[in-house]
């Protein structure tokens, strides 16, 4: 033992606790376990138990009363049910499920019950909040108006996210859905946005990797990971996003900004379906219970931009949904789709052809659009989405005979190709606003038109370096909220032109 | 579950009718007798619950057997059970009726698990205290159970008053280990 324990100290502590130890009669309401299986207990008794009340089973296993029936109570167990036997006594606690909240939770990995699982010692917080909380009302909110930049050109340029928005990330497995969330977290560094990453039903190794990435990018200090791995019982997976939302609400309600990523809500719905079927609740479409819409709507409604009277804090939510075979029209995706303020659609076709982030710009939407962009970004990006849509339309048309195109169409195609190239971005490298503005400005205004497509990434990197070196004052200006004035735009154009003179095309391209 | 729902309906109707007829005490005593008769004679119980015997003849025979011993209301009640073919539900109906009657009279049963047999004086004291806490008339049923080690555990419906040594020791263990 590394810790030095003195015998006299032990006996003093023991003496103190003995003195404090009073013989009291323990009064509690109880029930008896009738049946147990699949992590569900049927309990007889518990006459006055409330819905969602915590129950105490033998062996320190906690449960939650979910089905209150005429002569029994259906409860889910948040732990190992092998400790519990038929006939065991179940105690009411009179509490509902809570999680510790506070700044102390930052930089830590906890399970949905708030227990530390990163081995860095106990967390002592002064406050706890219920996991299931009501979303703020209309009076307490205000419209979303500040950008919450992800650092991804394609996202911030075409489907910008605002503080307090809910934006769905949807797509097949392994095509960069989580990467968007992680990049968004990394990009919040120094922006006073606290992040919560909720992993639901994922592999332990995946979460370990995310933890490593976040810590490598110094992003862990303002982030909490709520981890419910695939090995946890369904009830733990079920409460995980609510626990994450509660952590985020702590920051939101103290006038700060938070971002919570639910990765992913498909597995969350599966966990809830498993519980509901075992509780013998009637199954509906795809065997999900009737209230599976409410399951996600009440969670995502908790993301909000608070009114100035309530401190003006915000909670932004990025729910992730995994689809099968690109089918977004199944039950859970359409549900979440209809709740959120927009969606980013990730496509394997794009991903495997090298477009990363593999976001389909045409189908992806942010319903807040300009309200979620700074004036500077709004001004530069303008009709970027429309430009790209026109490019793709022309591209599809041009496949029938590219050699007979007129000059204007050919130019549109070339510019579109370079724009698409500029919107590609490596993982874990979120860009500040000024770099995004520079890249999008060059693409949209045809400054890359003469550059070979293969040279575009190098052109972009060198352009950023050039501005950092030669026009530092301009980069500072481009990081601000206000729109660039006409004079500033002229200066920007001149600076880009001067860079182009110094840019040498690579030999292969020449 | 279904049985309970059936029993509740019959029990409520029986108590209501007894109340209207002003014969609650008679019905209470009659139910005890009915139960005793059926428990005392396995043949009678088998006949009473046999679904192969048509309600008509069974009703007549049952009326003859129970006729004199039971108050009129219970006679009709038994006839109704036979007619509706709910004879098998008699026991839960009786239990539920008892519960309703006790509830109306403000009587509760306290099930006591004690390490040693309680003296009459102790039982009376416990009864008095429990009546003071709950505001109801208590019926005490004591069971000696050495596993509580010392003291006692009282259960009234779902509420448990745990004053056992077993729990105290467990709590002391928690307190001591938590301190370290």
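Residue numbers (the numbering used here), protein chains in the order written: chain A, 1 to 510; chain B, 511 to 690. For glycine and all other residues, C-beta sits at the position ideal for the given N, C-alpha and C.
Could you say which of the options lies nearest to residue i if we only look at CA atoms?
i, options, result
"residue 203(A)", "242(A), 263(A), 171(A)", "263(A)"
"residue 114(A)", "382(A), 226(A), 25(A), 305(A)", "226(A)"
"residue 217(A)", "500(A), 499(A), 429(A), 461(A)", "429(A)"
"residue 533(B)", "611(B), 668(B), 641(B)", "611(B)"
"residue 145(A)", "312(A), 320(A), 229(A)", "312(A)"
"residue 185(A)", "66(A), 440(A), 163(A), 150(A)", "150(A)"
"residue 103(A)", "491(A), 194(A), 332(A)", "194(A)"
"residue 79(A)", "55(A), 177(A), 95(A), 299(A)", "55(A)"
"residue 293(A)", "316(A), 331(A), 315(A), 132(A)", "331(A)"
"residue 491(A)", "478(A), 251(A), 378(A)", "478(A)"
"residue 451(A)", "419(A), 466(A), 438(A)", "419(A)"
"residue 60(A)", "89(A), 46(A), 188(A)", "89(A)"
"residue 675(B)", "650(B), 528(B), 624(B)", "624(B)"
"residue 560(B)", "677(B), 616(B), 595(B)", "595(B)"
"residue 425(A)", "404(A), 456(A), 411(A)", "456(A)"
"residue 389(A)", "199(A), 374(A), 412(A), 405(A)", "412(A)"
"residue 349(A)", "447(A), 220(A), 423(A), 174(A)", "174(A)"
"residue 222(A)", "214(A), 229(A), 308(A)", "214(A)"
"residue 432(A)", "270(A), 302(A), 147(A)", "147(A)"
Between residue i and chain A, is any beta-carbon pair separated by less than 8 Å?
i, result
"residue 667(B)", "yes"
"residue 670(B)", "yes"
"residue 514(B)", "yes"
"residue 619(B)", "no"
"residue 686(B)", "yes"
"residue 625(B)", "no"
"residue 517(B)", "no"
"residue 539(B)", "no"
"residue 638(B)", "no"
"residue 607(B)", "no"
"residue 673(B)", "yes"
"residue 530(B)", "no"
"residue 677(B)", "yes"
At the 8 Å Cβ level, is residue i part of the contact set with chain B, yes or no?
i, result
"residue 35(A)", "no"
"residue 30(A)", "yes"
"residue 11(A)", "no"
"residue 46(A)", "yes"
"residue 2(A)", "Note that residue 2(A) scores a pLDDT of 47, beneath 50, so its modelled location is shaky and nothing firm can be said."
"residue 25(A)", "yes"
"residue 295(A)", "no"
"residue 71(A)", "yes"
"residue 54(A)", "no"
"residue 227(A)", "no"
"residue 215(A)", "no"
"residue 14(A)", "yes"
"residue 439(A)", "no"
What are the residues that DSSP puts in a beta bridge with residue i?
i, result
"residue 62(A)", "56(A)"
"residue 171(A)", "322(A)"
"residue 371(A)", "Paired residue(s): none; residue 371(A) is not in a bridge."
"residue 604(B)", "Its beta-bridge partners do not exist; DSSP assigns none."
"residue 244(A)", "None, per the DSSP bridge assignment."
"residue 37(A)", "40(A)"
"residue 620(B)", "650(B), 666(B)"
"residue 128(A)", "100(A)"
"residue 28(A)", "670(B)"
"residue 91(A)", "30(A), 56(A)"
"residue 283(A)", "289(A)"
"residue 223(A)", "195(A)"
"residue 68(A)", "73(A)"
"residue 343(A)", "168(A), 365(A)"
"residue 305(A)", "314(A)"
Classify residue i: buried if its beta carbon has 16 or more other beta carbons within 10 angstroms, exposed otherwise.
i, result
"residue 629(B)", "exposed"
"residue 15(A)", "exposed"
"residue 516(A)", "Nothing in the structure corresponds to residue 516(A), since chain A is present only between 1 and 510."
"residue 324(A)", "exposed"
"residue 191(A)", "exposed"
"residue 512(B)", "exposed"
"residue 289(A)", "buried"
"residue 407(A)", "exposed"
"residue 257(A)", "buried"
"residue 366(A)", "buried"
"residue 84(A)", "buried"
"residue 397(A)", "exposed"
"residue 334(A)", "exposed"
Could you check how far apart the C-beta atoms of residue i and residue j are, in whole angstroms? I think they sit under 8 Å.
i, j, result
"residue 305(A)", "residue 133(A)", "About 17 Å separates the two Cβ atoms, so there is no contact after all."
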